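Number of protein chains: 2
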Amino acid sequence: MIRRLSQARERGIPEATVARLPLYLRALNGMAERGLATVSSEDLAVAAGVNSAKLRKDLSHLGSYGTRGVGYEVEYLIYQISRELGLTQDWAVAIVGVGNLGRALANYGGFVSRGFRVAALLDADPEVVGDHIAGLTVEHVDELEAVIRRRAVSIVVLATPGAAAQELADRVIAAGVTSILNFAPVVLAVPEGVDIRKVDLSIELQILAFHEQRKTDRMTGGPAMAEEWPEAVDL
Amino acid sequence: MIRRLSQARERGIPEATVARLPLYLRALNGMAERGLATVSSEDLAVAAGVNSAKLRKDLSHLGSYGTRGVGYEVEYLIYQISRELGLTQDWAVAIVGVGNLGRALANYGGFVSRGFRVAALLDADPEVVGDHIAGLTVEHVDELEAVIRRRAVSIVVLATPGAAAQELADRVIAAGVTSILNFAPVVLAVPEGVDIRKVDLSIELQILAFHEQRKTDRMTGGPAMAEEWPEAVDL
DNA sequence: CCCACTTTGTGCACCGGTTCACAAAGGGAC
DNA sequence: GTCCCTTTGTGAACCGGTGCACAAAGTGGG
């Protein structure tokens, strides 16, 4: 197998790069709105909050889309990144669990904005089923499989209580979905080939608390000093 | 400077480990509820969805809290992790921006559960100010600095539109806050020493879309082949 | 008291990702 | 056309994190 130029493109984009592409895309959209035609890696890197060498290496994974001495053409780069991320097509998203969070997600503008369309809302509570939210009618979760099939849902957002999440994940996977965004505070077990992304509010807070504690410890000088002598404090 | 045994403890816990400790804590709490007294690294690792060697290495950073041949004492480990994460003290959290998302966060049970207390809700919209949500009265964002001082807020959650986030971040930082959880879809510029954690729904979706596209590409075999010849499809 | 068994704690090799630093490439002035 | 300036694209060193595999340490049975 011969691979001429851009071994970049042959589908080997590092995960870390993929995670940053949306960031670049957002920065580029802002620049396009402000009418900028081209942008240097340095400027774009600042806007996205990353190092410019990293940005160039990231973009080089998609291809060689810059012009030396000039920079990148904004519109063209937007197109290339969008295409790479799969945003040139429309993704039907179902939100399962229409509590406070599910409602917030359904109404969240950024969702619809680019490539994503909330195609269904489902809940188990008969009190909620039938409600109209964000232009959709909440359906009963019994209809889950039928709805996924009928509306060609390819991404499911789980915004249910933790206890219900695993069973629902199993069901949507059985229905053919392979991309799940999980807001429930549980570790989902899923088969090979299914992508799970997790958003966990309380974990984020706990990580902040850890660093906050360290900062205040350092100021009061308390524990930090004592722990220079581990053999004194251990056991 | 001589450091004998447990260079572990001298405050050098890897960031990756910190990010997993809340996961272990959650799994351990579940086990405690089910009455388990001890747990092996293998079992805990499965419950937390990680490799057991990684789990042991993570825990070894906190100290040597296991017993060889037996495992870890559940309650004791819960205490040690909680202490390390700073959850033995109470953190006052302010939520800025009481839209759909802010409301969802205010009502989110997991927030309050362990170490965290929602101490204030603030918004700029006079229509919302004065509303009672989750036992709190929404205050006007003009009061931001006063509220932070008065209630000893140390963690701020930004759930505002993107356009307002940077200015509000600047204000809470000026008021002495050094830990921010940002839900607004912008890259915040903050001074050294301030910890920002970002939760960005649309970025998570875009990452899923990327992988989903690849999966479907692979099945249809379509674009993957065409893209062997970049010079044909580019421009 | 000793032996067999279990499970922790960690040394070490490996891997993905980051950053530096620079050669290669293009643009524009004259 | 030539020279200088700018900016990309990337080779190479480095760094944090992962996972294997095993020695050390503790338990329980006889």
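Chains as they are written, first to last, in this note's numbering: chain D, 1 to 235; chain E, 1001 to 1235.
By construction, the Cβ of each residue, glycine as well, lies at the ideal position given by its N, Cα and C atoms.
All figures in this text were calculated on a predicted structure; none of them were measured in a lab.
Subject >> Beta-bridge pairing of residue 1140 of chain E - partner residues as DSSP gives them >> reply: For the purposes of this step, residue 1140 of chain E is taken as residue 140 along the second sequence, with counting starting at 1. According to DSSP, which records beta bridges pairwise, residue 1140 of chain E is partnered with E/1123.
**OP:** Verify the CB distance criterion: does residue 94 of chain D have a CB-CB separation below 7 Å to chain E?
**Re:** If you number the first sequence from 1, residue 94 of chain D lands on position 94. Taking Cβ atoms only, chain E never reaches closer than 7 Å to residue 94 of chain D, which makes this a no.
Original post:
Can you name, in chain order, every residue of its own chain whose Cβ lies under 7 Å from the Cβ of residue 1141 of chain E, other than the five neighbours on each side?
Top reply: As a working note, residue 1141 of chain E is residue 141 in the second sequence. The residues are 1096, 1122, 1123 and 1124.
**OP:** Out of D/178, D/164 and D/72, state which residue places its alpha-carbon closest to the alpha-carbon of residue 148 of chain D.
**Re:** One-based indexing of the first sequence puts residue 148 of chain D at position 148. Residue 148 of chain D has its Cα closest to that of D/178, out of D/178, D/164 and D/72.
Subject >> Environment of residue 1002 of chain E [buried if 16+ CB atoms lie within 10 Å] >> reply: Indexing the second sequence from 1 puts residue 1002 of chain E at position 2. In this prediction, residue 1002 of chain E has a pLDDT of 32, which is less than 50 and means its spatial position is unreliable; what the coordinates show is noted afterwards. The residue in question, residue 1002 of chain E, is exposed, as its Cβ has fewer than 16 Cβ neighbours within 10 Å.
Original post:
In chain order, what residues of the same chain have a beta carbon less than 7 Å from the beta carbon of residue 225 of chain D, not counting five sequence neighbours either side?
Top reply: The sequence position of residue 225 of chain D within the first sequence is 225, counting from 1. For residue 225 of chain D, the pLDDT reaches just 39, beneath the cut-off of 50, and the residue's location in the model is therefore unreliable, leaving the point undetermined.
Original post:
So, is the C-beta of residue 191 of chain D closer than 7 Å to a C-beta in chain E?
Top reply: Within the first sequence, numbered from 1, the residue matching residue 191 of chain D stands at position 191. With 7 Å as the cut-off, residue 191 of chain D does not count as an interface residue toward chain E.
Original post:
Between the segment 1047–1058 of chain E and the segment 1069–1083 of chain E, do at least 3 Cβ pairs fall closer than 8 Å?
Top reply: no
Original post:
Would residue 131 of chain D count as contacting chain E if we go by Cβ distances under 7 Å?
Top reply: Sequence index remark: in the first sequence, residue 131 of chain D carries index 131 (1-based). So, not an interface residue.
Original post:
Near residue 1216 of chain E, what residues of its chain come up, given a Cβ to Cβ distance below 8 Å and the 5 sequence neighbours on each side ignored?
Top reply: As a position in the second sequence, residue 1216 of chain E is number 216, starting the count at 1. Within the same chain, residue 1216 of chain E has no close Cβ partners at all.
**OP:** Leaving out five residues on either side along the sequence, give the residues of the same chain with a beta carbon under 6 Å from the beta carbon of residue 227 of chain D.
**Re:** Here residue 227 of chain D refers to the residue found at position 227 when the first sequence is read from its first residue. Residue confidence is low: residue 227 of chain D scores 35 on pLDDT, short of 50, so the model does not pin down where it sits. Its coordinate-derived value is still stated next. The answer is none, since no qualifying residue turns up.
Subject >> residue 1074 of chain E vs residue 1027 of chain E beta-carbon contact at 7 Å >> reply: Looking up residue 1074 of chain E in the second sequence gives position 74. Looking up residue 1027 of chain E in the second sequence gives position 27. No, Cβ-Cβ distance for residue 1074 of chain E and residue 1027 of chain E is not below 7 Å.
**OP:** Tell me, please, whether the segment 172–189 of chain D touches the segment 152–161 of chain D by the rule of three or more beta-carbon pairs shorter than 8 Å.
**Re:** By the C-beta criterion, the segment 172–189 of chain D is judged to be in contact with the segment 152–161 of chain D, since at least 3 inter-stretch pairs fall below 8 Å.
**OP:** Return the first residue and the last residue of the beta strand (DSSP E) that residue 71 of chain D is part of.
**Re:** For the purposes of this step, residue 71 of chain D is taken as residue 71 along the first sequence, with counting starting at 1. Looking at the DSSP string, the run of the beta strand (DSSP E) that includes residue 71 of chain D is 71–73.
Subject >> Where residue 1016 of chain E falls, given that 16 or more other Cβ within 10 Å makes a residue buried >> reply: One-based indexing of the second sequence puts residue 1016 of chain E at position 16. Residue 1016 of chain E counts as exposed, since fewer than 16 other C-beta atoms from the protein chains shown sit within 10 angstroms of its C-beta.
Original post:
With a CB to CB cut of under 6 Å and the five nearest residues on each side skipped, what residues in its chain are close to residue 1181 of chain E?
Top reply: Counting from 1 along the second sequence, the entry for residue 1181 of chain E is found at position 181. If we look at residue 1181 of chain E and ignore the five residues flanking it on each side, its Cβ neighbours are 1157 and 1197.
**OP:** Run the CB neighbour count on residue 1004 of chain E, radius 10 Å, all protein chains shown included, and call it buried at 16 or more, exposed below.
**Re:** For the purposes of this step, residue 1004 of chain E is identified with residue 4 of the second sequence, where counting begins at 1. Since pLDDT at residue 1004 of chain E reaches only 34, below the 50 mark, its modelled position is unreliable, and no value is offered.
**OP:** Taking residue 13 of chain D as part of the beta strand (DSSP E), name the residues at either end of that continuous run.
**Re:** Counting from 1 along the first sequence, the entry for residue 13 of chain D is found at position 13. Unbroken run through residue 13 of chain D: none, as it is neither H nor E.
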